[in-house]
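Engineer: I'd like to ask you about the structure that follows.
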Amino acid sequence: MQPIRWGVLGAAEFALNFMAPAIHAARGAQFSALATSDPQKAEGFQAFAPDIQIYDSYDALLAAPDIDAVYIPLPNHLHVAWTLKALEAGKHVLCEKPMVMEDAEFDALIAARDTSGKLAAEAYMIVHHPQFLRARELVAAGAIGNLVHVDTVFSYNNAEATDNIRNRPETGGGGLRDIGVYTFGAARFVTGLEPAAVPYAKLRYENDVDVFAQVAANFPDFTYSAIVSMRMAKRQEITFHGDSGVLTLTCPFNANVHDMAQLVLEQGDRVTTERWPGVNQYVLQVESFCRSAQSGAAYPCPLEFSRGTQKMIEMVVAAGGPAK
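Residue 283 in numbering that gives the first Met the number 0 is what sits at position 284 of the sequence shown, and the numbering runs on without skipping anything.
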């Protein structure tokens with residue numbers, strides 16, 4: 000079977016450091032093209048993929064007949080428009096999160112996906128990492144008994160990066176869109192459940208962008224709490240508390256960066272630790288996407304799953320009240 004031939008729309012730093020190398024390394028994928036008007040930025044990609052075709056516009060790449068799929072790492076507010084254009088051009092689409100600015104935009108994305116017959120998905124790499132597959136398996140098997148509570152934190156401090164798109168409202172910035180998607184989606188993925196209510200949310204804004212969120216939510220079978228912040232020291236963790244055990248992922252979201260993916264299962268006096276050194280969740284994501292695109296098999300993170308996370312973000316924003 001021929002590999003999926005990929006093009007990247009834009010020479011984003013994240014694409015250069017993570018996703019383009021992952022496409023280049025993934026089985027069943029071929030990094031074939033990059034769209035950028037900056038030749039200097041293209042050089043970084045050509046350093047590891049010297050044979051890629053460089054296009055000076057996104058439209059030119061989308062018109063290329065020898066490109067099967069595109070990866071979109073553009074600023075958040077451009078995701079919907081370019082995903083729709085790519086689907087209309089007959090390309091499969093893997094788009095960076097957040098895929099939308101508001102839930103209603105998923106209507107057009109899902110319709111375009113279904114009409115085109117192509118795969119379109121959010122680049123939600125954590126569901127491809129074996130630690131999350133293992134956590135879901137253990138929770139479902141009752142390894143911690145009945146699930147009672149989930150708590151999670153994801154934080155970093157980019158206060159000084161005032162020009163960063165995450166700190167700018169006009170580009171769809173904010174901590175909930177950038178990293179809240181992981182704290183919310185992780186609980187949903189592992190449990191297979193959706194939040195029934197968000198009774199409490201404390202949000203702090205700077206320049207109309209959320210930079211801190213403290214969240215309490217009720218799921219059908221358990222309660223949930225989260226801290227999401229772009230103004231705290233780096234930290235990430237998610238813990239599933241059961242009535243007979245505790246399961247913790249100590250590096251759940253940037254596991255590939257830190258190579259510290261670790262699952263700790265506490266069952267009374269017994270503590271079991273599992274690790275996955277050297278696993279690249281970005282490569283696994285691309286390989287999974289290629290398999291689904293070629294075979295039509297179900298993809299682990301369809302648009303409907305991403306829509307559920309966006310709905311939870313909007314529940315949190317509503318519970319937090321007007322920006323202050």
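Just so it is clear, CB atoms sit at the ideal spot from N, CA and C, and this is done for glycine as well.
For clarity, every value in this text was computed on a predicted model and none was experimentally measured.
In this structure, how does DSSP classify Phe239 when only helix, strand and coil are distinguished?
Structural biologist: Strand at Phe239.
Engineer: Ignore the nearest five residues each way along the sequence and tell me which others in Ala41's own chain have a CB closer than 7 angstroms to its CB.
Structural biologist: Excluding residues within five positions, the ones whose Cβ falls inside 7 angstroms are Ala10, Leu33, Thr35 and Ile53.
Engineer: Report, in whole angstroms, the separation of the C-beta atoms of Ala212 and Ile125, which I expect to be a contact under 8 angstroms.
Structural biologist: Wrong, their Cβ atoms sit about 19 angstroms apart, outside the cutoff.
Engineer: When the Cα of Ser305 is compared with those of Ala19, Tyr181 and Glu12, which residue comes out closest?
Structural biologist: Out of Ala19, Tyr181 and Glu12, Tyr181 has the C-alpha closest to the C-alpha of Ser305.
Engineer: Who are the Cβ neighbours of Tyr281 in its own chain at under 7 angstroms, not counting the five residues just before and after it?
Structural biologist: So the qualifying residues of the chain are Phe17, Met18, Ala21, Met124 and Asn255.
Engineer: Can you give, in chain order, each stretch of the alpha helix (DSSP H) that sits fully within the stretch 80-158 and has at least 4 residues?
Structural biologist: Complete alpha helix (DSSP H) runs here, min 4: 105-115 and 129-139.
Engineer: For a minimum of 4 consecutive residues, which ranges assigned as the alpha helix (DSSP H) are wholly contained in the stretch 156-180?
Structural biologist: If we require 4 residues or more, the stretch 156-180 turns out to have no alpha helix (DSSP H) run fully inside it.
Engineer: Buried or exposed, going by whether 16 or more other CB atoms sit within 10 Å of the CB of Asp209?
Structural biologist: Asp209 comes out buried.
Engineer: With 16 other CB atoms within 10 Å as the buried threshold, where does Phe252 fall?
Structural biologist: Burial call: buried.
Engineer: Could you compute how far the alpha carbon of Met311 sits from the alpha carbon of Ile51?
Structural biologist: About 39 angstroms.
Engineer: For Ile53, list the residues DSSP reports as bridge partners.
Structural biologist: DSSP output for Ile53 lists Leu33 as bridge partner(s).
Engineer: Flag this pair as touching only if the stretch 216-230 and the stretch 146-159 have three or more C-beta atom pairs under 8 angstroms; answer yes or no.
Structural biologist: The stretch 216-230 is in contact with the stretch 146-159.
Engineer: In whole angstroms, give me the CA-to-CA distance for Lys84 and Lys96.
Structural biologist: Looking at the two C-alpha atoms, the distance is approximately 17 angstroms.
Engineer: In chain order, which continuous runs of the alpha helix (DSSP H) of length 4 or greater are located wholly inside the stretch 217-303?
Structural biologist: Qualifying alpha helix (DSSP H) stretches, in chain order: 254-257 and 280-294.
Engineer: Going by C-alpha distance, which of Asn156, Val7 and Arg203 is nearest Arg230?
Structural biologist: Minimum Cα distance to Arg230 is reached at Asn156.
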